[in-house]
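Chemist:
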Amino acid sequence: MQSVSAATQDSSKKRRVGHFTAPFDARFPFTNQTRNCYQNYLDYYRCLKIMKEKGKDVQKCEWYHKVFKSLCPTSWINQWDEQRKQGIFPGKI
Amino acid sequence: MPYATQLSLQEATGPAMEEVVFLHDHVLLLTFLMSLVILLFATTAITATVTHNDPTEEVEQLEAAWTAAPIMILILTALPSVRSLYLMEEVFDPYVTIKATGHQWYWNYEYTDGTNVSFDSYMIQTQDLPNSAPRLLEVDHRMVMPANLQTRIVVTAEDVLHSWAIPSLGIKVDAVPGRLNQLPLATSRTGVFFGQCSEICGANHSFMPIVVEAVPLNYFEQWLTTEQ
Chain B
12 MQSVSAATQD SSKKRRVGHF TAPFDARFPF TNQTRNCYQN YLDYYRCLKI
62 MKEKGKDVQK CEWYHKVFKS LCPTSWINQW DEQRKQGIFP GKI
Chain V
73 MPYATQLSLQ EATGPAMEEV VFLHDHVLLL TFLMSLVILL FATTAITATV
123 THNDPTEEVE QLEAAWTAAP IMILILTALP SVRSLYLMEE VFDPYVTIKA
173 TGHQWYWNYE YTDGTNVSFD SYMIQTQDLP NSAPRLLEVD HRMVMPANLQ
223 TRIVVTAEDV LHSWAIPSLG IKVDAVPGRL NQLPLATSRT GVFFGQCSEI
273 CGANHSFMPI VVEAVPLNYF EQWLTTEQ
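Protein chains in written order, with my numbering: chain B, 12 to 104; chain V, 73 to 300.
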C-alpha cells in the first residue's frame with residue numbers, strides 16, 4: 012500500500028524548477044485554510060508598503076504573493092483588491 | 073466507479089480510500105467476533121438447564137469481565153480510526169494546489185500556481201452524452217490532476233453549502249461559503265474517478281457531478297500549458 016507520505020516524497024523529487032505551490036505552514040496545520048490565505052494577502056501588501064517606505068527591493072515580498080495566489084480563490088482576491096482601491100478593506104495593511 | 077448491485081465500498085484508487093477500506097474491514101472483523109461470542113452465550117443460556125437461581129449471589133468476576141471487554145473493543149476500534157483520520161487529513165508537501173468552488177449548480181476549478189487556469193465543470197445532459205459515458209456523472213470539463221503525486225484540494229463555495237466528494241479516492245470536503253477547506257488528494261494510478269455533490273444545495277443538487285482525471289505528470293504539465 013502506498014502511504015500518503017510516500018506520495019509526498021515523490022512530489023518533492025519530481026517538482027520542476029520554478030514550479031511553486033504553498034507549502035505546509037505550521038501556523039495553519041488544520042483543514043481550515045481561510046486564515047492562511049487571508050494572512051498571506053495581508054502580509055504581501057504590508058510587506059510592499061514597508062519595503063517601499065524604506066526604499067528596499069520589493070522582490071522579497073513575492074513569497075507571500077505566491078502563497079496567497081496559490082490558496083485564495085480568484086474571486087476573493089478580486090474582491091479584496093477592489094476594497095483596497097475604494098479604501099474599505101477591513102484588514103490592517 | 074460503482075456498478076449495479078454493488079454491495080460494498082468502491083475499489084480504492086488512492087491512499088486515503090485504502091485507509092477507509094482498512095478501517096472498514098477491521099471494524100467488521102471485530103463486529104463478527106462480537107456477534108459470534110454473543111451467539112455462543114445466547115445459545116448456552118437458551119439450552120442450559122437452570123441449576124440455581126439466587127439473585128443475591130456475588131458476581132464480581134463477571135462484572136469485571138463485562139466492563140473490561142467493551143473497553144478493549146472500544147480501544148481496538150478507536151486507535152486505528154484516529155490513525156486513519158489524521159493520515160487522511162494531513163497535507164504534507166503537495167505538488168500542486170487545485171481550488172474547487174461550488175456554485176448553484178456546477179463546480180469551478182482553478183490552477184493558480186504560476187498559471188491562470190480556471191474553468192467551469194457542468195454535467196453533460198443525457199441526450200448529449202457520448203457513447204459509454206455514465207449518465208448524470210460525466211462533465212463537460214474534467215478536473216485534471218497528476219497521478220501518484222500528492223495534490224492539495226482547496227474547497228469553498230460561492231453561494232450555499234456544497235460538498236466535494238470522490239468515493240473511490242476516499243475524499244469528502246464540505247464547501248462552505250467564506251471558508252477554505254483543504255485536504256490531500258492522491259491517486260495510486262491513472263484513471264477517471266467520479267463523484268457527486270454531497271451536501272443538499274438546491275434544485276439541481278443531483279446534477280453537479282465531479283469528475284477527476286488522473287494523468288501522468290508530463291501529460292498534466294502539457295495539459296496545464298494548453299489550457300492557459
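For each residue, glycine too, the CB sits at the ideal point set by N, CA and C.
So who's on the other strand from P34/B, going by DSSP bridges?
Modeler: In the DSSP output, where bridge partners are listed per residue, P34/B has none listed.
Chemist: Note down the Cα distance separating V92/V from M160/V, rounded to an integer number of angstroms.
Modeler: 9 Å
Chemist: Counting C-beta neighbours from all protein chains within 10 Å, is the total for Q197/V 16 or more, i.e. buried, or is it exposed?
Modeler: With fewer than 16 Cβ atoms within 10 Å of its Cβ, Q197/V is classed as exposed.
Chemist: Could you round the C-beta distance between K171/V and E182/V to whole angstroms and report it? I think they count as a contact, below 8 Å.
Modeler: 4 Å
Chemist: Under 8 Å, with one C-beta from each stretch per pair, do the segment 74 to 94 of chain B and the segment 42 to 55 of chain B reach the 3-pair mark?
Modeler: yes
Chemist: Determine which residues share a DSSP beta bridge with N47/B and list them.
Modeler: In DSSP, N47/B forms no bridge with anything.
Chemist: Within the chosen definition, does the segment 262 to 270 of chain V reach the segment 230 to 246 of chain V through at least 3 CB pairs nearer than 8 Å?
Modeler: yes
Chemist: Rounding to the nearest angstrom, what Cα-Cα distance links P202/V and F100/B in this structure?
Modeler: 48 Å
Chemist: Give the C-beta separation of S81/B and A33/B to the nearest angstrom, bearing in mind that I take them to be a contact with Cβ-Cβ under 8 Å.
Modeler: 4 Å
Chemist: DSSP puts E285/V in a beta bridge; with which residues?
Modeler: V216/V and V264/V
Chemist: Would you mind sorting T223/V into buried or exposed? The rule is 16 or more other CB atoms within 10 Å of its CB.
Modeler: buried
Chemist: If we define contact as Cβ-Cβ less than 8 Å, is Q176/V a contact residue for chain B?
Modeler: With 8 Å as the cut-off, Q176/V does not count as an interface residue toward chain B.
Chemist: Just by C-beta distance, which residues in the segment 33 to 48 of chain B are closer than 7 Å to chain V?
Modeler: Residues passing the 7 Å Cβ filter: A33, P34, F35, T42, N43, Q44, T45 and C48.
Chemist: Could you give the first and the last residue of the continuous alpha helix (DSSP H) run that contains W138/V?
Modeler: First-last of the alpha helix (DSSP H) with W138/V: E132 to E161.
Chemist: Using a Cβ cut-off of 8 Å, which residues of the segment 211 to 224 of chain V contact any Cβ in chain B, in chain order?
Modeler: Result list: N220, L221, Q222 and R224.
Chemist: Under three-state DSSP, which class holds P166/V?
Modeler: coil
Chemist: Along the segment 183 to 200 of chain V, where does the CB come closer than 7 Å to a CB of chain B? Name the residues.
Modeler: T184, D185, G186 and S190
Chemist: Hey, out of V99/V, E83/V, T103/V and V283/V, whose CA is closest to Y194/V's CA?
Modeler: By alpha-carbon distance to Y194/V, the top candidate from V99/V, E83/V, T103/V and V283/V is V283/V.
Chemist: Is there a Cβ of chain V sitting closer than 8 Å to that of L53/B, yes or no?
Modeler: No, no contact with chain V.
Chemist: Taking three-plus beta-carbon pairs below 8 Å as touching, is the segment 283 to 300 of chain V in contact with the segment 246 to 256 of chain V?
Modeler: Touching, no, given that fewer than three Cβ pairs across the two stretches are closer than 8 Å.
Chemist: Could you run through the segment 74 to 91 of chain V and flag, in chain order, every residue whose CB is less than 7 Å away from some CB of chain B?
Modeler: Listed in sequence order: P87 and E90.
Chemist: Pairing CB atoms from the segment 206 to 223 of chain V with CB atoms from the segment 284 to 299 of chain V, are three or more of them under 8 Å?
Modeler: Touching, yes, given that three or more Cβ pairs across the two stretches are closer than 8 Å.
Chemist: Taking L148/V as the reference, give the member of W179/V, V131/V, V99/V and A137/V with the closest Cα.
Modeler: V99/V
Chemist: Near F39/B, what residues of its chain come up, given a Cβ to Cβ distance below 7 Å and the 5 sequence neighbours on each side ignored?
Modeler: R46 and N47
Chemist: Mind pulling the chain B residues with CB within less than 8 Å of E299/V?
Modeler: Simply none; closest approach about 15 Å.
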